[in-house]
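Residue numbers (the numbering used here), protein chains in the order written: chain X, 244 to 565; chain S, 22 to 561. Data block below; observations after.
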């Protein structure tokens with residue numbers, strides 16, 4: 244059995260299904276990203292884990308212990324909130340010490356602050372800190388009581404874009420150094436890929452797929468995962484068959500898996516977006532369908548008639564929907 | 022954390038309903054009495070009093086607006102010497118509780134007040150030049166004490182106004198008047214109707230001014246108390262219901278014109294800069310007018326202090342009192358009989374404030390955080406005492422808790438030391454409730470969740486996180502509630518007993534005994550205490 248075991252957890256908010264019999268097992272020390280668009284139920288999942296919401300059905304176990312009926316205060320889960328939720332009436336040290344009992348409190352505060360590179364900040368007011376520093380205080384506060392599981396709610400969404408990339412790597416290193424079992428919520432694929440050992444994709448309360456980043460990208464289990472994770476061209480009907488799909492199936496091709504060739508599916512280049520090392524070409528097929536091709540910047544010109552070949556096609560049953 | 026909330030929510034709803042709604046319904050039930058109704062309908066005096074209440078309240082709104090709004094514009098839009106100091110002084114009538122303000126006016130503008138004496142002496146008149154009595158006197162007091170609502174709320178509204186909206190209007194070719202009429206005033210509408218509502222409700226429930234200055238001129242609150250003191254309880258109840266009906270009608274009418282709060286939320290920019298008055302003439306004029314006004318507004322306070330220093334029976338016909346001493350204060354603190362009302366008022370105000378605060382905190386937690394099913398009802402019950410004049414509640418409590426019917430949840434509380442603190446508590450619920458609920462709404466729920474995720478239980482979270490963060494709201498609500506209870510007159514006159522007689526009743530009996538100095542000394546103590554409590558509790 245996994246260290247953190249989520250078994251068929253469901254949660255309904257009025258007419259909205261926020262969690263639909265979600266099951267997933269997370270190993271000790273593993274970092275799992277919950278990835279999904281807004282409204283997919285990923286934040287609900289995190290709040291169910293933390294105990295802020297009670298599931299309508301299912302169980303949550305940690306190390307074999309069923310924590311489902313436990314109040315948040317008794318779960319020993321650390322949480323970093325999206326806006327950090329630092330107590331404005333306490334200083335940095337007071338915030339970090341909040342979850343600690345009296346024994347060796349000061350040492351633990353100092354250790355936790357040193358861990359996030361904020362040694363000597365204990366007497367500072369939280370309002371005086373930069374966004375990045377506040378995020379690290381929140382992290383130190385959550386880690387100081389040595390929780391069994393660390394939960395992070397969009398930990399980087401409040402940071403400047405310029406800071407985010409560096410913080411992403413630092414966060415992963417820190418979590419790995421502490422070796423704590425971690426679940427974090429994000430709607431950014433890059434963040435999920437870079438921080439998570441595995442990524443769980445949620446959609447309308449359902450767990451669509453969980454696996455390492457490359458598996459999600461190369462072998463998506465569902466059409467939703469294929470289109471939500473990375474860019475994807477979706478072909479249906481005749482166009483799908485032209486790329487080798489069978490009847491009643493959709494063909495999904497990533498832009499870098501399409502190339503210009505001497506023969507193949509015909510179309511006209513309508514647009515070219517230059518990104519430096521490569522360019523995205525928007526190609527309109529004869530039936531009016533559009534697709535995106537990633538190729539060398541000088542591979543084609545706008546207005547040119549081209550032929551496309553796919554080097555790798557993913558097939559999904561066509562249920563007529565998205 | 023989730024279990025138990027519905028039960029607690031229901032318990033709080035029922036407790037509030039019993040405290041707030043039940044007494045009012047009891048009065049309505051008992052007012053449905055044929056003879057009392059007939060007596061009310063057929064007496065012209067009743068209709069005159071009802072009509073007087075309405076027109077006095079409407080006129081009070083007009084006067085208060087005419088004073089408060091221009092003042093707000095002056096202090097928010099123009100820069101001139103001593104503006105911040107004068108701006109604060111202008112809000113001073115707020116620290117005069119109703120009865121204290123009324124006796125200050127009596128000493129100042131009454132027929133034997135300082136002004137009348139000065140004029141009488143100056144012109145060698147045989148009699149006082151005027152009598153401060155009737156509708157005019159009441160309106161004067163109302164205008165003086167109620168313009169503060171318009172002044173403060175309009176200032177807040179102006180400070181929140183997005184300056185770029187005014188610039189946009191000007192860029193579209195609107196002149197200064199057009200901008201004022203088409204942009205500023207519509208944007209101020211929520212502030213103005215809010216102030217009108219407050220003024221109307223306060224004027225409608227006003228008791229001290231009509232009681233002291235009314236003479237033969239009766240408004241509904243004085244009419245009710247007179248009926249009650251005459252022992253005509255049935256009539257008093259019908260009158261109470263009539264006054265409550267007028268209050269609710271006024272509330273509904275003004276609420277409808279309140280308009281959309283979106284108007285305020287729209288502007289996010291900064292307020293326009295104050296215009297500095299440049300020409301030396303205007304500057305001197307503005308500052309001079311400001312000082313004159315501040316002095317005028319401060320006169321009642323000064324009068325009170327001066328009269329409190331006049332020993333008994335030493336001031337007869339002179340314009341100014343011939344001798345001043347601290348003897349009144351010495352007597353007040355030295356004689357147990359005199360000290361008692363002061364101690365009574367202090368403990369009753371403190372106890373009722375603590376109770377109202379605890380209920381408000383519970384309401385905030387259940388209605389805002391736990392979102393219990395009855396949250397709308399809880400909020401409605403919290404504001405109800407504000408929508409009904411104080412007399413209504415005094416009569417309602419006096420009626421409901423004068424009989425022992427435990428099965429109907431009625432016990433004899435009238436005549437016990439409990440009834441006044443309870444009445445103050447009910448009157449204070451809207452004040453603490455409003456403050457605490459607003460504070461709770463601004464409190465990020467994630468903070469409490471963060472405490473829980475760090476292992477803090479419900480009570481530790483409450484003490485270590487919620488209460489410290491709500492502290493400004495709690496302090497503001499508590500200090501306003503305390504000051505209101507400390508200066509209360511209208512509830513006290515209906516419900517007090519000799520053992521629990523509050524300051525207001527002692528002021529009144531001192532006035533009757535012509536011990537003006539003692540009455541004024543009590544007034545000064547209430548005024549200073551109120552100012553100190555508000556100064557500590559209400560910060561910007």
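Beta carbons are placed, not taken as given, at the ideal position from N, Cα and C, and that holds for glycine.
Expected contact under 8 Å - CB spacing of residue i and residue j to nearest Å
i	j	result
residue 353 (chain S)	residue 543 (chain S)	7 Å
residue 298 (chain S)	residue 96 (chain S)	The Cβ separation is near 12 Å, so there is no contact.
residue 292 (chain X)	residue 303 (chain X)	6 Å
residue 411 (chain X)	residue 434 (chain X)	6 Å
residue 513 (chain S)	residue 525 (chain S)	5 Å
Reference residue i, options the options, closest by Cα
i	options	result
residue 207 (chain S)	S:187, S:221, S:224 and S:194	S:187
residue 390 (chain S)	S:462, S:441, S:92 and S:452	S:462
residue 86 (chain S)	S:165, S:448 and S:525	S:165
residue 496 (chain S)	S:210, S:153, S:265 and S:459	S:459
residue 287 (chain X)	X:543, X:478, X:255 and X:400	X:255
residue 274 (chain X)	X:262, X:402 and X:418	X:418
residue 520 (chain X)	X:499, X:309, X:487 and X:384	X:499
residue 343 (chain S)	S:335, S:533 and S:398	S:335
residue 143 (chain S)	S:384, S:341 and S:376	S:341
residue 116 (chain S)	S:319, S:89, S:526 and S:362	S:319
residue 377 (chain S)	S:147, S:538, S:451 and S:266	S:451
residue 562 (chain S)	S:71, S:189, S:294 and S:302	This structure gives no information on residue 562 (chain S), because the portion of chain S shown stretches from 22 to 561.
residue 541 (chain X)	X:503, X:529, X:532 and X:291	X:503
residue 530 (chain X)	X:545, X:508, X:537 and X:546	X:508
residue 465 (chain S)	X:309, X:284, X:557 and X:328	X:328
residue 418 (chain S)	S:330, S:435 and S:402	S:435
residue 528 (chain X)	X:555, X:517 and X:513	X:513
residue 403 (chain S)	S:392, S:449, S:369 and S:414	S:449
residue 176 (chain S)	S:136, S:162, S:111 and S:135	S:111
residue 264 (chain X)	X:271, X:379, X:277 and X:250	X:250
residue 272 (chain S)	S:361, S:369 and S:405	S:405
residue 150 (chain S)	S:131, S:476, S:159 and S:482	S:131
Counted within 10 angstroms of its Cβ, other Cβ atoms place residue i as buried (16 or more) or exposed
i	result
residue 553 (chain X)	buried
residue 251 (chain S)	exposed
residue 433 (chain S)	exposed
residue 484 (chain S)	exposed
residue 283 (chain S)	Because the pLDDT of residue 283 (chain S) is 41, which lies under 50, any placement of that residue in the model is unreliable, and the number read from its coordinates should be weighed accordingly. Classification of residue 283 (chain S): exposed, given that the 10 Å Cβ count is below 16.
residue 446 (chain X)	buried
residue 287 (chain S)	For residue 287 (chain S), the predicted model reports a pLDDT of 44, less than 50, meaning its position is unreliable and no value from the coordinates is stated.
residue 515 (chain X)	buried
residue 533 (chain S)	exposed
residue 194 (chain S)	exposed
residue 222 (chain S)	buried
residue 289 (chain S)	Caution is warranted here: a pLDDT of 47 is assigned to residue 289 (chain S), below 50, making its placement in the model unreliable, and no coordinate value can be reported.
residue 545 (chain X)	exposed
residue 296 (chain S)	exposed
residue 561 (chain S)	Because residue 561 (chain S) carries a pLDDT of 48, less than 50, the predicted location of this residue cannot be relied on, and no value is offered for it.
residue 281 (chain S)	In this predicted model, residue 281 (chain S) has a pLDDT of only 48, less than 50, meaning its place in the structure is not dependable; the value taken from the coordinates is given anyway. Burial call: exposed.
residue 399 (chain S)	buried
residue 258 (chain S)	buried
residue 249 (chain S)	buried
residue 374 (chain S)	buried
Closer than 7 Å at the beta carbon, the chain X residues around residue i
i	result
residue 474 (chain S)	293, 315, 320, 321 and 322
7 Å Cβ cut-off: residues of chain S touching residue i
i	result
residue 330 (chain X)	468 and 486
residue 342 (chain X)	475 and 476
residue 388 (chain X)	475 and 476
Partner residues on chain X for residue i, Cβ-Cβ distance less than 9 Å
i	result
residue 478 (chain S)	314, 316 and 317
residue 458 (chain S)	Near residue 458 (chain S) there are no residues of chain X at all, since even the closest Cβ is about 20 Å away, more than 9 Å.
Listed by chain order, chain S residues near residue i by CB distance under 8 Å
i	result
residue 427 (chain X)	Result: empty, since nearest Cβ-Cβ is about 14 Å, beyond 8 Å.
Listed by chain order, chain X residues near residue i by CB distance under 8 Å
i	result
residue 465 (chain S)	326 and 328
Chain-ordered chain S contacts of residue i [CB-CB under 9 Å]
i	result
residue 391 (chain X)	The premise fails here: residue 391 (chain X) is roughly 12 Å from chain S at the closest Cβ pair, so nothing lies under 9 Å.
> Are at least three pairs of beta-carbons, each pair with one atom in the segment 289 to 303 of chain X and one in the segment 462 to 477 of chain X, less than 8 Å apart?
Replying inline: At 8 Å Cβ cutoff, the stretches do not touch.
> Any contact of the segment 374 to 389 of chain X with the segment 337 to 354 of chain X, i.e. 3+ C-beta pairs under 8 Å?
Replying inline: As far as the Cβ criterion goes, the segment 374 to 389 of chain X touches the segment 337 to 354 of chain X, which means the pair count is three or higher.
> Do the segment 328 to 335 of chain X and the segment 390 to 404 of chain X touch if we need at least three Cβ pairs shorter than 8 Å?
Replying inline: No: the two stretches stay apart, fewer than three of their Cβ pairs being nearer than 8 Å.
>> Quick check: the segment 222 to 229 of chain S against the segment 475 to 492 of chain S, are at least 3 beta-carbon pairs closer than 8 Å?
In response: With a cut-off of 8 Å, the segment 222 to 229 of chain S and the segment 475 to 492 of chain S do not count as touching, because too few Cβ pairs lie within range.
> Below 8 Å, can you find three or more Cβ-Cβ pairs linking the segment 256 to 269 of chain S to the segment 65 to 80 of chain S?
Replying inline: In the pairwise beta carbon analysis, the segment 256 to 269 of chain S is classified as touching the segment 65 to 80 of chain S: at least three pairs are separated by under 8 Å.
> Is there contact between the segment 113 to 130 of chain S and the segment 158 to 175 of chain S, where contact requires at least three CB pairs shorter than 8 Å?
Replying inline: Yes, they touch.
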